[in-house]
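Rendered as structure tokens:
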């Protein structure tokens, strides 16, 4: 059986609304025989007579009237879709994946203005770790990632949006970096797919630091509570530190602890105008 086509529905609705094949052909700017042919095709597809033929006239059947109620809605929606995209009205769905640091501070400053200027753009925002975000980009599960960078990948491009500083958080009775007894100290960090963990592990290795053990805790409030209780130390970005000076915690900045730049990252083949407009907005005035 042939598939139903939109043109057949348009011809059918025109006949129903104009009252005759001739009038419908004038409206559709085609010959009457074309209208008649499309109607017969439609009746064969739906396996139902939609019109009775009497002395050259078409009289709609009860089935035809019921079918028209449904077909008219389809044709109306299809006509609206023809004007769905307008030059000055951005439309689309952007799937954005971001690190927790971007969701904590950066995106709350940037997304509201974009959503106000582009109300017909839908944003799907999710939180993932850095290595997961890169994999999701390559697999086309998201359109854009806010993650550590720069990314060196043949399929991806990136642009700096902001730089995060990392801090060492220790119990408040530890006054200096040199006072940390690493052999008796636990390091509390996120899972191995966390970029900040890899940065801190590299820093420890470069400085010959060997903690008693590394514990994985994927919650900064829990990590800070453990540090406050003297159960270990942690490394975290500025934006995740407690808003006010927290009793029981001491924040240190080792001079050789690297900064953590965060980049917009997208697929080279996926750089359509709407996505790049969003990228430009995110990088409009770097933090």
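Residue numbers (the working numbering): 1 to 287.
Backbone N, C-alpha and C fix where the C-beta goes; we use that ideal spot for every residue, glycine too.
Here the structure is a predicted model, which means the values were calculated and not measured.
| query | result |
| --- | --- |
| Per DSSP, which one or two residues make a beta bridge with residue 59? | 52 |
| Going by the beta-carbon positions, is the gap between residue 168 and residue 177 smaller than 9 Å? | yes |
| Using a Cβ-Cβ cut-off of 6 Å (strictly less than) and excluding sequence neighbours within five positions of residue 121, which residues of its own chain qualify? | 90 and 92 |
| Keeping to the same chain, check which residues put their C-beta closer than 8 Å to that of residue 140; ignore five residues upstream and five downstream. | 267 and 270 |
| Does the contact criterion of 3 or more C-beta pairs under 8 Å hold for the segment 182-194 versus the segment 207-219? | yes |
| Apart from the five residues just before and just after residue 48, which ones in its own chain have a Cβ nearer than 7 Å to its Cβ? | 63 |
| Where does residue 243 land, buried or exposed, given buried means 16+ other C-beta within 10 angstroms? | exposed |
| Which class does residue 149 belong to by DSSP, given the choice of helix, strand or coil? | coil |
| Taking Cβ positions, are residue 46 and residue 162 nearer each other than 9 Å? | no |
| So, helix, strand or coil for residue 216, using DSSP? | strand |
| Considering residue 33, what are the terminal residues of the alpha helix (DSSP H) in which it resides? | 32-46 |
| Ends of the alpha helix (DSSP H) at residue 267? | Residue 267 -> not in any alpha helix (DSSP H); beta strand (DSSP E) instead, spanning 260-267. |
| Alpha carbon to alpha carbon, how far is residue 67 from residue 20? Give it in angstroms, no decimals. | 17 Å |
| Just curious, the beta strand (DSSP E) that residue 189 is in, first and last residue? | 186-189 |
| Assign residue 85 to one of two classes, buried (16 or more other C-beta atoms within 10 Å of its C-beta) or exposed (fewer than that). | exposed |
| Give me the residue from 83, 229 and 136 with the minimum Cα distance to residue 297. | Residue numbering for the chain in the displayed model covers 1 to 287; residue 297 lies beyond these limits and cannot be assessed. |
| Count the other CB atoms within 10 Å of the CB of residue 220; is the residue buried (16 or more) or exposed (fewer)? | buried |
| What is the DSSP secondary structure of residue 281, reduced to helix, strand or coil? | helix |
| Quick one: residues in its chain with C-beta nearer than 6 Å to the C-beta of residue 125, no 5 flanking neighbours on either side, listed in chain order? | 96 |
| According to the Cβ coordinates, are residue 143 and residue 99 closer than 9 Å? | no |
| Using the beta-carbon count (16 or more within 10 Å), is residue 202 buried or exposed? | exposed |
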